[in-house]
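Asker: Below you will find the structure I want to go over with you.
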Amino acid sequence: MTAQVDSPDGRAMTDEPPITDLRTALERLTRYPGQLIETDHPVDPAAELAGVYKRIGAYGTVARPTRLGPAMMFNSVTGYPDSRVLVGLMASRERVGILLDSPPRLLTQRMAEAVRNPQGPVLVGAEEALCQQVIHRATDPGFDLRTLLPAPTNTPDDAGPYFCLGLVLGSDPELGTDVTIHRLCVQSHDEMSIFFAPGRHIDEFRRRAEAAGRPFPISINMGLDPAIPIGATFEAPTTPLGYDELAIAGGLRGTPVGLVDCVTVEQKAIARAEIVIEGYILPDVRVAEDQNTHTGHAMPEFPGYNGPANPSLPVIKVTAITTRHHPILQTLVGPGEEHTSLAGIPTEASIYNALDAALPGFVTAVYAHTAGGGKFLSILECNKTRPFDDGRARQAALIAFGVYSELKNIILVDADVDIFDTDDVLWAMQTRMQNDIDIITIPAVAGHVLDPTQSPAYNPALPAVGTTAKTIFDATVPYHLKATFERAHFTDVDPRPYAPDLNLLYP
Ligand code: MN
306 MTAQVDSPDG RAMTDEPPIT DLRTALERLT RYPGQLIETD HPVDPAAELA GVYKRIGAYG
366 TVARPTRLGP AMMFNSVTGY PDSRVLVGLM ASRERVGILL DSPPRLLTQR MAEAVRNPQG
426 PVLVGAEEAL CQQVIHRATD PGFDLRTLLP APTNTPDDAG PYFCLGLVLG SDPELGTDVT
486 IHRLCVQSHD EMSIFFAPGR HIDEFRRRAE AAGRPFPISI NMGLDPAIPI GATFEAPTTP
546 LGYDELAIAG GLRGTPVGLV DCVTVEQKAI ARAEIVIEGY ILPDVRVAED QNTHTGHAMP
606 EFPGYNGPAN PSLPVIKVTA ITTRHHPILQ TLVGPGEEHT SLAGIPTEAS IYNALDAALP
666 GFVTAVYAHT AGGGKFLSIL ECNKTRPFDD GRARQAALIA FGVYSELKNI ILVDADVDIF
726 DTDDVLWAMQ TRMQNDIDII TIPAVAGHVL DPTQSPAYNP ALPAVGTTAK TIFDATVPYH
786 LKATFERAHF TDVDPRPYAP DLNLLYP
């Protein structure tokens, strides 16, 4: 294992042109060697594309062999001469740092600051509606979602083709607007199923519309400034019901997200999106997610396993697809490093802000580790200055569990350990723990249904699927023994004259 993040902190990015959409994001990446590759080699969106990227850059919770790698643009997608498919844009913390103008190690703090300084979206004129350069209406002869857009099938076991990075925008007349990424399985020429994990805000809006017997108008926005999807991944309590997460992208960029009116539904769309699907979630209609394939599986989920197909999902009736010229369909392969970035960095920011409020200055860094897809495992850097802080470290873990209910395991380390370097964290667990006193387990707490151990089948003491033991691994040094745990001091030497070819940074 090597360090997750090896690029220098404090990278100067001030003279970069701003990122305003997916295309300007890709332009920026071309200036960083090894961050974006493209291929003209023909690829089948059905299982082949994801299979290629698994070898090139999926990483994270994906079965080996896989690796950290570049984002990848497929220019020649079999059967779709007008489309390109991009995968892996956020599949590296270093790349996310480049895209969000931040040293990778400080992305937690960067996101935390954006949440504290949100800037809501604005309506822009039709002349700025790049997403409507090309309009396909469902009433056009021969309209077919399946031939217009190359939705990838990630594995041969999947229920069907999915839009995996579709940012759904929905609103409620009383509660406000919400944006969230949901898995969308193509079901027919003008229908998709939509899966909501329990408690998702747009699902609450949808329920209210359904109770009133109304179709629920939505836009599905794909191919965006990466600040938008990562900002949309915050969850309650950081972004409570009715909080429009587009304001976090506004906070990240210092510029509001531009919205335009949809062409066929009473809803807004993101003006600079590559692709927008407009439609309605129909009241009182449900389909089995795998009705066309009967595979029993949905698509690979973030923990690295194939999720089950849902027997009964709401249906989106598509009314239009609007795109930019020669649009880019952005996707992800399901699990992997891209999920860790999208889910984990906002999780870090939520934990960081809560700890900063409760225990100012005590926890100075948080990493939502890729082994848990950015959800199950967090590592907290604690700064103990007195014996009482032995207790505050454990209190910090309890606060983190409180802020983020899907968190399962927390490792506490001191500030002389690099939380982004798994080898260093494991070192702390070997030399700074006696496990009969340093592991604290809290049984049968609400967790996440997609972890296969969180089930009464695994542990009969669990009351339901999605409940779990939660564990604190306290790898911090007891304060009164601090002197015993000083790491060996090497002389700090500038290594560059000795190894100029390594392009080392110093200090
Ligand atoms: Mn929300």
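Numbers in the numbering used here are just positions in the sequence shown, counted from 1, shifted up by 305.
Using N, Cα and C, we set each Cβ at its ideal position, and we do this for glycine too.
Note that the coordinates shown come from a computational prediction; the quantities given were computed from them, not determined experimentally.
I'd like the ranges of any beta strand (DSSP E) spanning at least 3 consecutive residues and lying wholly in the stretch 594-646.
Answerer: 602-605, 611-613, 618-628, 633-636
Asker: Mind checking which residues open and close the beta strand (DSSP E) that includes L717?
Answerer: The residue labelled residue 717 in the question sits at position 412 within the sequence shown. Where L717 is concerned, the enclosing beta strand (DSSP E) stretches over 714-719.
Asker: Evaluate contact between the stretch 488-496 and the stretch 552-562, counting only Cβ atoms and requiring at least three cross-stretch pairs below 8 Å.
Answerer: Counting Cβ pairs under 8 Å, fewer than three are found: no touch.
Asker: Using a Cβ distance threshold of 8 Å, determine whether the stretch 532-542 contacts the stretch 395-412, with at least three qualifying pairs required.
Answerer: yes
Asker: Give me the Cα-Cα distance between A766 and A774, rounded to the nearest whole angstrom.
Answerer: What you label residue 766 is simply residue 461 of the sequence shown in a count that begins at 1. What you label residue 774 is simply residue 469 of the sequence shown in a count that begins at 1. The alpha-carbon atoms of A766 and A774 are separated by roughly 10 Å.
Asker: Using C-beta distances below 6 Å, list every residue in its chain close to A676, excluding the 5 sequence neighbours before and after it, in chain order.
Answerer: Mapped onto the sequence shown, residue 676 falls at position 371. Excluding five sequence positions before and after A676, the CB atoms of its chain that fall closer than 6 Å to its own CB belong to L682, given in chain order.
Asker: Mapping DSSP to helix, strand and coil, what is F521?
Answerer: The residue labelled residue 521 in the question sits at position 216 within the sequence shown. DSSP places F521 in the strand class (E or B) of the three-state scheme.
Asker: Beta carbon of D723: closer than 7 Å to some heavy atom of the ligand MN?
Answerer: For the purposes of this step, residue 723 is identified with residue 418 of the sequence shown, where counting begins at 1. No.
Asker: So which of R511, R400, L807, T413 has the shortest CA-CA distance to A294?
Answerer: For residue 294 there is no data in the structure shown, the boundaries of the chain being 306 and 812.
Asker: For a test of the three-state rule: what should DSSP assign to E515, helix, strand or coil?
Answerer: If you number the sequence shown from 1, residue 515 lands on position 210. Residue state, collapsed to three classes: helix.
Asker: Considering M416, what are the terminal residues of the alpha helix (DSSP H) in which it resides?
Answerer: In the sequence shown, residue 416 corresponds to position 111, counting from 1. 412-421 is the extent of the alpha helix (DSSP H) around M416.
Asker: Might you give, ordered along the chain, the residues of its own chain that have their beta carbon closer than 6 Å to the beta carbon of D449, omitting 5 neighbours on each side?
Answerer: Here residue 449 refers to the residue found at position 144 when the sequence shown is read from its first residue. These residues qualify, in order along the chain: H494.
Asker: Once the 5 residues before and after A720 are set aside, which same chain residues still bring their CB inside 6 Å of it?
Answerer: Mapped onto the sequence shown, residue 720 falls at position 415. Excluding positions up to five away in sequence, the list reads E686, N688.
Asker: In its own chain, which residues sit with a C-beta less than 7 Å from the C-beta of V754, not counting the 5 before and 5 after it?
Answerer: By 1-based counting over the sequence shown, the position of residue 754 is 449. The answer, listed in chain order, is V770, G771.
Asker: Taking a contact to mean a Cβ-Cβ separation below 8 Å, would you say T636 touches A464 in this structure?
Answerer: For the purposes of this step, residue 636 is identified with residue 331 of the sequence shown, where counting begins at 1. For the purposes of this step, residue 464 is identified with residue 159 of the sequence shown, where counting begins at 1. Contact flag unset, no.
Asker: One question on the structure: do G475 and F521 come within less than 8 Å of each other, judged by their Cβ atoms?
Answerer: Locating residue 475 in the sequence shown gives position 170, where the first residue counts as 1. Locating residue 521 in the sequence shown gives position 216, where the first residue counts as 1. In this structure, F521 lies closer than 8 Å to G475 by Cβ.
Asker: Is the beta carbon of A330 less than 8 Å from the beta carbon of D483?
Answerer: Numbered from 1 along the sequence shown, position 25 holds the residue referred to as residue 330. Numbered from 1 along the sequence shown, position 178 holds the residue referred to as residue 483. Result no, Cβ atoms of A330 and D483 do not sit closer than 8 Å.
Asker: Taking G641 as the reference, give the member of T335, E496, R372, F667 with the closest Cα.
Answerer: One-based indexing of the sequence shown puts residue 641 at position 336. Checking every option, the nearest Cα to that of G641 belongs to R372.
Asker: In whole angstroms, what is the alpha-carbon distance linking T325 and A698?
Answerer: The residue you call residue 325 lines up with position 20 of the sequence shown. The residue you call residue 698 lines up with position 393 of the sequence shown. T325 and A698: Cα-Cα distance of roughly 40 Å.
Asker: Quick check on this structure: which residue in Y385, P386, I586 has the alpha carbon closest to the alpha carbon of I523?
Answerer: As a working note, residue 523 is residue 218 in the sequence shown. Ranking the options by Cα distance to I523, first place goes to I586.
Asker: Looking only at C-alpha atoms, which of T366, I507, T669 sits nearest to N611?
Answerer: Within the sequence shown, residue 611 is the residue found at index 306, counting from 1. When only C-alpha atoms are compared, the closest one is T366.
Asker: Can you give, in chain order, each stretch of the beta strand (DSSP E) that sits fully within the stretch 453-530 and has at least 3 residues?
Answerer: 472-477, 481-486, 489-493, 496-499, 521-527
Asker: Determine the extent of the alpha helix (DSSP H) in which A330 is found, giving its start and end residues.
Answerer: On the sequence shown, residue 330 is found 25 positions in, with the first residue counted as 1. Start and end: 327-334.
Asker: Looking only at its chain, what residues have a beta carbon closer than 8 Å to the beta carbon of P322, apart from the 5 residues adjacent to it on each side?
Answerer: Looking up residue 322 in the sequence shown gives position 17. Answer for P322: T329, E332, R333, listed in chain order.
Asker: Can you give me the C-alpha to C-alpha distance between I656 and R558, rounded to a whole angstrom?
Answerer: If you number the sequence shown from 1, residue 656 lands on position 351. If you number the sequence shown from 1, residue 558 lands on position 253. Approximately 22 Å between the Cα atoms of the pair.
Asker: G752: which of I499, I553, P768 sits nearest, CA to CA?
Answerer: Position 447 of the sequence shown, counted from the first residue, corresponds to residue 752. The residue with the shortest Cα to Cα distance from G752 is P768.
Asker: Return helix, strand or coil for L731, following the three-state DSSP convention.
Answerer: For the purposes of this step, residue 731 is taken as residue 426 along the sequence shown, with counting starting at 1. Three-state result, L731: helix.
Asker: Give the range of the beta strand (DSSP E) segment to which I553 is assigned.
Answerer: Looking up residue 553 in the sequence shown gives position 248. From DSSP, I553 is part of no beta strand (DSSP E) but of the alpha helix (DSSP H) over 551-558.
Asker: Decide if the stretch 384-402 is in contact with the stretch 345-359; the criterion is three or more beta carbon pairs, one per stretch, under 8 Å apart.
Answerer: yes
Asker: Verify the contact flag: D266, CB atom, against every heavy atom of the ligand MN, threshold strictly below 7 Å.
Answerer: What is shown of the chain runs 306 to 812, which leaves residue 266 out entirely.
Asker: Under 7 Å from any heavy atom of the ligand MN, does the C-beta of T544 make it?
Answerer: Here residue 544 is taken as the residue at index 239 of the sequence shown, counted from 1. Answer for T544: yes, Cβ within range of the ligand MN.
Asker: Contact defined as beta carbons within less than 8 Å: I believe L472 pairs with I626. What is the distance between those atoms, to the nearest angstrom?
Answerer: Along the sequence shown, one-based indexing puts residue 472 at 167. Along the sequence shown, one-based indexing puts residue 626 at 321. Rounded, the Cβ-Cβ distance is 15 Å, inconsistent with contact.
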